[in-house]
Structure formats: C-alpha cells, structure tokens
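A.B. asks: My structure is below; once you've seen it, I'll send some questions.
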Amino acid sequence: MAYSAPKPLHVKWNRLLNGALLVAAVFSEQIELLYIFLALNIVTLVVSIRFGPARWLLALFEKHLKGWLDVPAAYERSYAMTAATERFEIGLRLLAGTAVLLLYPCCPLAAWLITVGMGIFMLISAFFGFCLSSFGLIGLHYVRKHCCVRS
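Following this line, the structure appears as structure tokens:
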C-alpha cells in the first residue's frame, strides 16, 4: 500500500493529543502516562498518523467541534508531512520518551525536564504562549520542590 500523507488537521490533532498527554503527566506527576504516550506513538508509527489513535479520537469529536478544529490555510505548511518526516518525528518521540523512562529512577528532575521540552515542541504551534508560561511555572515548581527537599 502506497504512503498517503496525513491531512494537516490530523497532524495538528496528533501533536495536540501527544502534547496534552505530556502536560497531564507533568501536572499530575504520573510517569505512567509516558507508557500511554509511548504506546500511542508505537501504534502510530506502525499505522501512520492518518490512521493512528489520534485520528480515531478526532473522528469522535469532529462532528461536535466542526469549524473549531480547522487548520487555517496560512498554517497548513506547518503540518505538511512526508513518510520520512512522519517516521522521524515519531521516532524522536519514542527515543525521548524512552530516555525519560530510563532517567526517571535515578534523575527524576531531568526526566521531567525532557518531558516538558517534548510537550513544548508538540504544543508550540497551537498554544505557544500558554505552553511556555505553563511549563515555565511547572519547571520553577519542580526546581523549588527538589532543591528544598534535598536541603
């Protein structure tokens, strides 16, 4: 079967879903959400963004959020994908997610900082201001929490 590039909306929704999952992991301090993140990305790597779990979820919401989920024509190029770029993007997510899980037992702060970085990169196109300020506050919270606990 020949590769067919996903629509910009599918790419945007995939990034939003992954970014939201990372935000939930950081806010709730639940590293187990990274397992869900990795599982979703493994499935997506196998079946592509066009047919992956984020697309299934989008199908549930599309009828109710018609018009809110559109990608303006000026931003469509930001979500353009080829087979190579799709695999590369998902591969980087899997690599970073695995690094987080490996670092978490010995360096939880480093693991959360990587998670914050991944969340920023995935949400940057949709929620740039909110994302940076939220993750900045979370980062300060973690630094204060870990510095105070060890002192």
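Residue numbers (the numbering used here): 1 to 151.
Backbone N, C-alpha and C fix where the C-beta goes; we use that ideal spot for every residue, glycine too.
A quick note: this is a predicted structure, and the numbers were derived from the prediction, not measured.
1) Could you give the distance in angstroms between the alpha-carbon of Ser-4 and the alpha-carbon of Lys-145?
2) Using beta-carbon positions only, say whether Ala-25 and Leu-34 come within less than 7 Å of one another.
3) Return the CA-CA distance between Leu-103 and Ala-111, expressed in angstroms with no decimal places.
4) Can you check whether the CB of Val-23 is closer than 7 Å to the CB of Gly-97?
5) Nearest to Ile-49 by alpha carbon, out of Trp-13, Cys-106, Gln-30 and Leu-94?
6) For Val-23, does the three-state DSSP call read helix, strand or coil?
7) What is the C-beta distance between Leu-38 and Leu-113, in whole angstroms, given that I count them as a contact (C-beta under 8 Å)?
8) Near Val-11, which residues of its chain fall below 7 Å by C-beta distance, leaving aside the five closest residues on each side in sequence?
9) State buried or exposed for Thr-85, treating a residue as buried only when at least 16 other CB atoms are found within 10 Å of its CB.
10) Are there 16 or more other CB atoms within 10 angstroms of the CB of Phe-130, so buried, or fewer, so exposed?
11) How close, in whole Å, do the beta carbons of Gly-19 and Leu-101 come, if the pair is a contact with beta carbons under 8 Å?
12) Tell me whether Gly-52 sits in a helix, a strand or coil according to DSSP, three-state version.
C.D. replies: Answer, in terms of the structure:
1) In the sequence shown, the residue the question calls residue 4 occupies position 4. In the sequence shown, the residue the question calls residue 145 occupies position 145. Ser-4 and Lys-145: Cα-Cα distance of roughly 47 Å.
2) Position 25 of the sequence shown holds residue 25. Position 34 of the sequence shown holds residue 34. A contact, by the Cβ cut-off of 7 Å.
3) For the purposes of this step, residue 103 is taken as the residue at position 103 of the sequence shown. For the purposes of this step, residue 111 is taken as the residue at position 111 of the sequence shown. Taking the straight line from one Cα to the other gives about 6 Å.
4) For this step, residue 97 is matched to residue 97 along the sequence shown. For this step, residue 23 is matched to residue 23 along the sequence shown. For Gly-97 and Val-23, no; Cβs fall outside 7 Å.
5) Numbered from its first residue, the sequence shown carries residue 49 at position 49. It is Trp-13.
6) Locating residue 23 in the sequence shown gives position 23, where the first residue counts as 1. Of the three classes helix, strand and coil, the one that applies to Val-23 here is helix, per DSSP.
7) In the sequence shown, the residue the question calls residue 38 occupies position 38. In the sequence shown, the residue the question calls residue 113 occupies position 113. The pair is not a contact, with the Cβ atoms about 18 Å apart (cut-off 8 Å).
8) In the sequence shown, the residue the question calls residue 11 occupies position 11. The answer, listed in chain order, is Ile-49, Tyr-79 and Met-81.
9) By one-based count along the sequence shown, residue 85 stands at place 85. Looking at its Cβ environment, which holds fewer than 16 other Cβ atoms inside 10 Å, Thr-85 is exposed.
10) Residue mapping note: residue 130 aligns to position 130 of the sequence shown, counting from 1. Note that Phe-130 has pLDDT 44, beneath the 50 cutoff, so the model's placement of it is unreliable and the number below is only indicative. Answer is exposed; the Cβ neighbour count stays below 16.
11) For this step, residue 19 is matched to residue 19 along the sequence shown. For this step, residue 101 is matched to residue 101 along the sequence shown. With a Cβ gap of about 18 Å, Gly-19 and Leu-101 do not count as contacting.
12) Within the sequence shown, numbered from 1, the residue matching residue 52 stands at position 52. Looking at Gly-52 - three-state DSSP - the assignment turns out to be coil, as it is neither helix nor strand.
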